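Student: In the order they appear, the protein sequences are chains G and Z. Just so we're aligned: 272 in this note's numbering is position 272 of the first sequence, and the numbers increase by one with no gaps anywhere. Every number in this note's numbering is 296 more than the matching position in the second sequence, counting from 1. Even glycine gets a Cβ: it sits at the ideal position worked out from N, Cα and C. Keep in mind the model is a prediction, meaning the values are calculated, not measured. What follows is a single structure, and I will ask about it in a moment.
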Amino acid sequence: MVDISSLAGPLVNGILWGGLFALIGMGLSLVFGVMNLINVAHGDLVILATYFAFFLSTGIVLRHNLPLDIDPILSLVIIIPVMFGLGYAIQKFLLNRARTVSAEAPLIIAFGISLIIQNAALRLWTPMARRLTPPYALDVFIIGPVRIPLVYLIAFVAALIMVFLLREFLRRTYLGRAISATAQNKRASHLMGVNTGRVYSFAFAIAMAVAAVAGICLGLIFSFTPEKGIAFLIIAFGVVIIGGLGSMVGTLLGGIIMGLVMTFGGFLLDTRWQMLLLYLVVIVVLAARPQGILGR
Amino acid sequence: MEKRAQEISQEPLLKISNIDVFQGTFKALWDVSLEVKAGEIVGLIGANTSGKSTLLDTVSGLLHPVKGKIEFDGQDISTMDPFRIVELGITQVPEGRGIFPDMSVLDNLIMGSYSKRARSRKKENLENVYQHFPMLETRKKQTAKTLSGGEQQMLVLGRGLMADPKLMLLDEMSLGLAPIIITSLYKALQEIRERGITILFVEQNVRRSLQEADRAYILEVGRITLSGIAEELREEEEVKKAYFGV
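Here's what the structure looks like:
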């Protein structure tokens with residue numbers, strides 16, 4: 001018999017992990033929803049942002065150790081604009097051009113980007129596992145039987161903020177509406193005077209700005225290596241499949257479900273079963289509700 | 297119709313000269329020429345797959361002619377991007393399924409005013425649209441896909457007005473709708489024209505087209521086979537035989 005109060009830990013932490021998973025899933029969902037591209041480089045782009053924060057907080061790059069000591073959360077002031085610009089450039093100069101070649105070309109380009117990031121990170125930072133370790137990295141709140149690491153809470157609050165901002169942006173601005181419109185009916189958005197190439201570039205840029213936030217939260221919670229991108233890409237797939245495309249609230253819900261499956265899987269069975277259980281849940285959702293839990 | 301004859305200028309607003317257009321590998325338009333003068337309402341009549349929609353898409357810039365020329369207001373727009381064409385004042389109203397299904401009615405209308413030329417006049421255009429279609433105001437918060445077929449058609453028409461166009465291209469307004477709704481839509485169309493917007497509309501129903509239009513063109517398998525003043529076409533033996541079955 002399981003003690004009920006011992007369930008509180010995995011419950012709370014599962015929900016909080018869900019915030020991070022939602023953050024990673026949001027960018028993937030946006031790019032798929034608007035461009036119909038399965039961005040296989042998404043996980044690597046998230047990890048790239050993590051390494052960027054690692055560099056700014058430790059100064060470590062190649063064999064150098066530069067005198068840098070910028071707090072990871074503070075470093076978002078630099079990393080968000082850089083990732084935004086990188087995303088805009090990738091879409092404008094690579095993916096938009098690839099689209100004119102064939103429908104599959106952008107997917108192959110994305111795969112290439114994934115390989116480039118992985119190998120560049122290997123070269124710059126070695127395959128060693130790293131962590132973002134600001135002074136508060138190990139702070140823990142203890143509420144009754146539950147231990148809540150501060151960084152879990154930070155990730156969850158960041159997810160709520162990003163869901164809110166993205167939702168308001170998509171609903172209230174012309175560019176945001178144009179992004180939704182292009183996702184829903186590309187032909188009609190052309191007829192409304194939407195420059196879809198420009199909309200694509202901004203959509204990818206925004207996805208990368210969210211990926212920057214995801215990357216910092218990831219580095220605060222998990223250790224990372226240059227090859228970690230793929231594992232988080234798969235989690236992001238799960239989030240998007242469960243949450244359904246086009247719904248930010250659905251993405252948050254998808255993230256929380258994934259988080260709960262992981263913590264309860266680890267708690268009730270064994271941490272070795274966590275990932276397998278996760279994939280099983282994704283398959284069950286795909287079979288029962290292919291449009292996701294909230295759908296659209 | 298005669299009372300407006302003086303208001304119609306002699307210079308064509310839209311001038312299509314001898315265009316050939318491909319839909320993929322299929323040649324959909326052959327040496328098509330057509331003119332619409334400012335202030336006119338012109339009908340483009342033809343059966344399914346006659347190339348009517350292809351013609352509208354070519355004017356909108358979704359397709360480009362491989363031969364010939366399209367001029368608007370004296371400017372060559374044959375190879376222009378769709379979003380630049382919208383800025384010049386050409387708006388296509390697609391048939392009712394051309395809505396943004398998951399956006400609210402109001403957001404659909406706001407998307408109509410996306411172009412720079414229309415944005416500054418968003419507020420007054422929205423009032424105008426609500427005047428033409430009060431239903432759109434009462435349902436502005438509703439998700440567009442929950443509207444009926446006729447209401448969706450009103451929505452795309454209203455959205456077209458939001459673009460503040462000089463020339464409105466209308467695709468198959470009456471597709472699958474009840475006659476009473478079609479009549480009210482065409483009434484709205486005449487009101488839109490009264491406001492000085494030039495109209496080129498596509499229609500399968502010959503009788504309806506010749507009744508609503510000043511002039512009409514008949515398109516058959518990608519070629520213009522007949523054109524003229526709508527009233528005269530109604531009397532023409534050829535048209536009677538071919539289209540009214542008399």
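Quick one: measure Cβ to Cβ for G456 (chain Z) and V389 (chain Z), integer angstroms, because I've assumed they're closer than 8 Å.
Tutor: Within the second sequence, the letter at position 160 stands for residue 456 (chain Z). Within the second sequence, the letter at position 93 stands for residue 389 (chain Z). At roughly 4 Å, the Cβ-Cβ gap stays under 8 Å, so G456 (chain Z) and V389 (chain Z) are in contact.
Student: What residue does the beta strand (DSSP E) around E433 (chain Z) start on, and which one ends it?
Tutor: The residue given as residue 433 (chain Z) occupies position 137 in the second sequence. Premise fails: E433 (chain Z) lies in the alpha helix (DSSP H), 430-434, not in any beta strand (DSSP E).
Student: Would you mind telling me which residues of chain G sit closer than 7 Å to S411 (chain Z), beta carbon to beta carbon, in chain order?
Tutor: Taking the second sequence and counting its residues from 1, the one referred to as residue 411 (chain Z) is at position 115. Here the neighbours are G193.
Student: Starting from N404 (chain Z), trace the alpha helix (DSSP H) both ways and give me its first and last residue.
Tutor: Working through the second sequence from its first residue, we reach residue 404 (chain Z) at position 108. Start and end: 401-408.
Student: Going by DSSP in three states, A158 (chain G) sits in which element: helix, strand or coil?
Tutor: Position 158 of the first sequence holds residue 158 (chain G). DSSP places A158 (chain G) in helix when its eight states are reduced to three.
Student: Who are the neighbours of Q185 (chain G) on chain Z, taking C-beta pairs under 8 Å?
Tutor: Walking along the first sequence from the start, residue 185 (chain G) turns up at place 185. At residue 185 (chain G) the sequence reads Asn, which differs from the Gln that was named. By Cβ distance, chain Z contributes G394, I395, F396, P397.
Student: Have a look at the DSSP bridge pairing and note the partners of E331 (chain Z).
Tutor: On the second sequence, residue 331 (chain Z) is found 35 positions in, with the first residue counted as 1. According to DSSP, E331 (chain Z) bridges with Z:K311.
Student: Using only the alpha-carbon positions, how far apart do E490 (chain Z) and K333 (chain Z) sit?
Tutor: Indexing the second sequence from 1 puts residue 490 (chain Z) at position 194. Indexing the second sequence from 1 puts residue 333 (chain Z) at position 37. Their Cα atoms are separated by approximately 15 Å.
Student: With 9 Å as the limit, tell me which residues of the segment 232-265 of chain G have their beta carbon closer than that to any beta carbon of chain Z; keep them in chain order.
Tutor: From the segment 232-265 of chain G, only G246 have a Cβ closer than 9 Å to chain Z.
Student: So, at 6 Å on beta carbons, what are the nonlocal neighbours of S114 (chain G) in its own chain, with the 5 sequence-adjacent residues on each side left out?
Tutor: One-based indexing of the first sequence puts residue 114 (chain G) at position 114. Cβ within range, chain order: V40, A41, D44.
Student: Going by alpha carbons, who is nearest to M83 (chain G) out of G:L66, G:L62, G:F52, G:F111?
Tutor: As a working mapping, residue 83 (chain G) is identified with position 83 in the first sequence. For the residues G:L66, G:L62, G:F52, G:F111, the minimum Cα distance to M83 (chain G) belongs to G:F52.
Student: Counting only beta-carbon atoms, is I406 (chain Z) nearer than 8 Å to chain G?
Tutor: Taking the second sequence and counting its residues from 1, one reaches residue 406 (chain Z) at position 110. Yes, because at least one Cβ of chain G sits closer than 8 Å to the Cβ of I406 (chain Z).
Student: Just to confirm my understanding: we take A120 (chain G), look at its own chain, exclude 5 residues before and 5 after, and list those with CB closer than 7 Å. What are they?
Tutor: Counting from 1 along the first sequence, the entry for residue 120 (chain G) is found at position 120. Within the same chain, A120 (chain G) has no close Cβ partners at all.
Student: Where DSSP assigns a beta bridge to Y513 (chain Z), which residues make up the other side?
Tutor: In the second sequence, the residue the question calls residue 513 (chain Z) occupies position 217. Y513 (chain Z) is bridged to Z:L340, Z:S523.
Student: L253 (chain G): which of G:S5, G:L23, G:V194 sits nearest, CA to CA?
Tutor: Against the first sequence, residue 253 (chain G) aligns to sequence position 253. Selected option, being the one with the closest Cα: G:L23.
Student: Considering Cα atoms alone, identify which of G:S6, G:V210, G:I143, G:L48 is closest to I117 (chain G).
Tutor: For the purposes of this step, residue 117 (chain G) is taken as residue 117 along the first sequence, with counting starting at 1. That would be G:L48, whose Cα lies nearest to the Cα of I117 (chain G).
Student: Roughly how many angstroms lie between the CA atoms of K436 (chain Z) and T182 (chain G), to the nearest whole one?
Tutor: Here residue 436 (chain Z) refers to the residue found at position 140 of the second sequence. Here residue 182 (chain G) refers to the residue found at position 182 of the first sequence. Whole-angstrom Cα-Cα distance: 20 Å.
Student: If you run the structure through DSSP and keep just helix, strand and coil, what is K462 (chain Z)?
Tutor: On the second sequence, residue 462 (chain Z) is found 166 positions in, with the first residue counted as 1. Looking at K462 (chain Z) - three-state DSSP - the assignment turns out to be coil, as it is neither helix nor strand.
Student: Flag Q302 (chain Z) as yes if its beta-carbon sits less than 8 Å from any beta-carbon of chain G, otherwise no.
Tutor: To locate residue 302 (chain Z), count along the second sequence from 1; it is residue 6. Interpretation of Q302 (chain Z) is limited by its pLDDT of 49, a score under 50 that renders its predicted location unreliable; the figure taken from the coordinates is listed afterwards. False, the Cβ-Cβ gap to chain G never drops below 8 Å.
Student: Which whole-angstrom value is the C-beta distance of E516 (chain Z) and S346 (chain Z), which I expect to be below 8 Å?
Tutor: Counting from 1 along the second sequence, the entry for residue 516 (chain Z) is found at position 220. Counting from 1 along the second sequence, the entry for residue 346 (chain Z) is found at position 50. Their Cβ separation, rounded to whole angstroms, is 6 Å, which keeps E516 (chain Z) and S346 (chain Z) in contact under 8 Å.
Student: Measuring only between beta-carbons, confirm whether Y174 (chain G) sits less than 8 Å from chain Z.
Tutor: Locating residue 174 (chain G) in the first sequence gives position 174, where the first residue counts as 1. Cβ-Cβ to chain Z under 8 Å: yes for Y174 (chain G).
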